[in-house]
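Residue numbers (the UniProt record's numbering): 1 to 422.
Ideal placement from N, C-alpha and C gives every residue a C-beta, glycine not left out.
Computed from a predicted model, the values in this text were never measured in an experiment.
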């Protein structure tokens with residue numbers, strides 16, 4: 001064959017090879033992008049499944065539930081597993097969750113009773129934080145949970161910037177955005193509330209973009225939302241991975257004996273002797289509340305109130321406000337529960353009536369706050385354990401608003417009955 005003909009044939013092959021190679025390269029790139037998107041989209045679910053199968057063995061979640069810590073509050077894997085575990089009642093509140101004494105649910109509702117608490121909350125975990133906690137969970141339909149309401153949250157300004165920042169979880173915010181069982185309208189309302197606290201999410205630029213685009217209905221906002229989806233999902237996946245590894249470290253710190261105890265579920269729980277428990281609590285309380293007229297814990301009074309007792313007179317006149325933003329946060333919380341189909345019990349904790357009379361917070365103001373809270377909950381048809389009538393009862397509160405002794409026994413009984421009967 002002439003040399004010219006061979007050169008022409010070789011040239012034709014190269015011309016064919018060029019477009020074909022380009023197609024293969026584009027296909028490979030497209031496949032890589034698709035696989036990457038699929039991976040980051042399903043990463044969280046995969047990590048949760050792995051944790052459930054290989055890390056969170058029987059008794060681990062229950063044992064974690066009575067050892068509350070910041071990583072549990074910030075994460076999702078353990079909270080989700082608590083919701084899904086039979087015999088566990090997740091309890092959402094504030095500092096009362098971590099102030100554990102002999103009559104706290106963590107001590108009374110033990111494996112032998114057939115129900116154990118999973119405590120979620122610390123100082124400053126106010127309503128909007130629990131909105132995000134609950135909005136971040138999946139498959140809440142028909143699941144029982146307890147929500148504790150502290151009236152002192154309902155002050156003129158609601159939750160402060162620093163308190164929100166210290167308790168905010170970017171992972172929970174992302175979970176909420178990518179949740180399929182929260183309506184766009186509710187997502188917008190929650191996003192609008194979070195935008196009031198810019199310092200909380202300043203380290204998460206794509207979360208910030210999502211918040212801003214969520215409340216904006218313009219075409220440009222929709223375009224930006226689409227463009228930000230992939231980097232936002234990557235930011236979200238990094239938080240999911242961090243949550244997974246924190247769960248591993250938390251589980252490693254658990255004592256084997258504690259896990260073994262909580263893995264043994266009572267087949268036939270005994271009847272609870274609430275009257276006997278109240279008598280025991282009263283005996284303990286009498287010894288612990290005999291140095292002050294407010295019937296609160298001696299040590300707390302001696303260390304925190306007595307040194308500033310004179311200055312505290314009439315110092316809390318404006319601590320409550322019926323127009324507090326906290327009431328709207330409570331409405332958001334109930335909307336989340338309604339859309340997710342959860343079965344909550346709301347618990348209203350009383351204030352120390354003797355102390356707040358002294359500190360100048362008008363009794364009528366307190367009663368109006370209690371009544372408004374109860375009305376909001378009852379309007380949604382949720383069961384309510386309202387202990388506000390115990391403001392002046394002896395041995396009910398440890399300090400200004402934290403339950404103790406008989407107060408906790410009453411709450412324990414309500415929680416137990418709620419879980420067993422409803």
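Strand pairing of residue i, partner residues [DSSP]
i: residue 91; result: 119 and 146
i: residue 397; result: 403
i: residue 386; result: 348
9 angstroms Cβ cutoff met for residue i and residue j
i: residue 68; j: residue 121; result: yes
i: residue 187; j: residue 214; result: yes
i: residue 62; j: residue 270; result: no
i: residue 325; j: residue 407; result: no
i: residue 274; j: residue 409; result: yes
i: residue 296; j: residue 400; result: yes
i: residue 135; j: residue 377; result: no
i: residue 347; j: residue 146; result: yes
i: residue 366; j: residue 388; result: yes
i: residue 95; j: residue 75; result: no
i: residue 398; j: residue 101; result: yes
i: residue 169; j: residue 227; result: no
i: residue 244; j: residue 106; result: no
i: residue 394; j: residue 285; result: yes
i: residue 321; j: residue 156; result: yes
i: residue 312; j: residue 358; result: yes
Spatial distance of residue i from residue j (CA atoms)
i: residue 88; j: residue 334; result: 21 angstroms
i: residue 189; j: residue 371; result: 25 angstroms
i: residue 375; j: residue 149; result: 13 angstroms
i: residue 6; j: residue 240; result: Residue placement at residue 6 cannot be trusted, given a pLDDT of 45 that sits under 50; the coordinates are not used to answer.
i: residue 142; j: residue 108; result: 25 angstroms
i: residue 344; j: residue 66; result: 20 angstroms
i: residue 413; j: residue 93; result: 17 angstroms
i: residue 340; j: residue 181; result: 6 angstroms
i: residue 230; j: residue 137; result: 22 angstroms
i: residue 246; j: residue 332; result: 29 angstroms
i: residue 291; j: residue 354; result: 14 angstroms
i: residue 3; j: residue 232; result: Unreliable positioning characterises residue 3 in this predicted model, as indicated by a pLDDT of 47, which lies under 50. The coordinate reading is nonetheless provided below. Between residue 3 and residue 232, the C-alpha separation is close to 59 angstroms.
i: residue 153; j: residue 126; result: 7 angstroms
i: residue 416; j: residue 81; result: 20 angstroms
i: residue 16; j: residue 224; result: Annotation note: pLDDT 48 at residue 16 (below 50); position unreliable, no value reported.
Terminal residues of the alpha helix (DSSP H) in which residue i lies
i: residue 170; result: 170 to 177
i: residue 317; result: First-last for residue 317: undefined, no H or E at that position.
i: residue 231; result: 219 to 252
i: residue 424; result: It is not possible to answer for residue 424, since the shown part of the chain is limited to 1 through 422.
i: residue 141; result: Taken as a continuous stretch (DSSP letters only), residue 141 belongs to no alpha helix (DSSP H), as it is neither H nor E.
i: residue 202; result: Run containing residue 202: none; DSSP gives neither H nor E here.
i: residue 164; result: 161 to 167
i: residue 105; result: 105 to 108
i: residue 125; result: That residue, residue 125, is in no alpha helix (DSSP H); it is neither H nor E in DSSP.
i: residue 310; result: 309 to 312
Span of the beta strand (DSSP E), counted from its first residue to its last, around residue i
i: residue 344; result: 343 to 348
Proximity test, Cβ basis, 9 angstroms: residue i and chain B
i: residue 362; result: Annotation note: the requested chain B is absent from the structure, which comprises a single protein chain.
Residue i: CB within 8 angstroms of a non-hydrogen atom of the ligand ADP
i: residue 123; result: This structure does not include the ligand ADP; it has no bound ligands of any sort.
Practice prompt. With a floor of 3 residues, list each beta strand (DSSP E) that falls wholly inside the segment 46 to 97, ordered by position along the chain.
Written response: 88 to 92
Discussion item. Report the start-end ranges of each alpha helix (DSSP H) in the segment 253 to 301 that is 4 residues or longer and not cut off at the edges.
Written reply: 256 to 263 and 274 to 288
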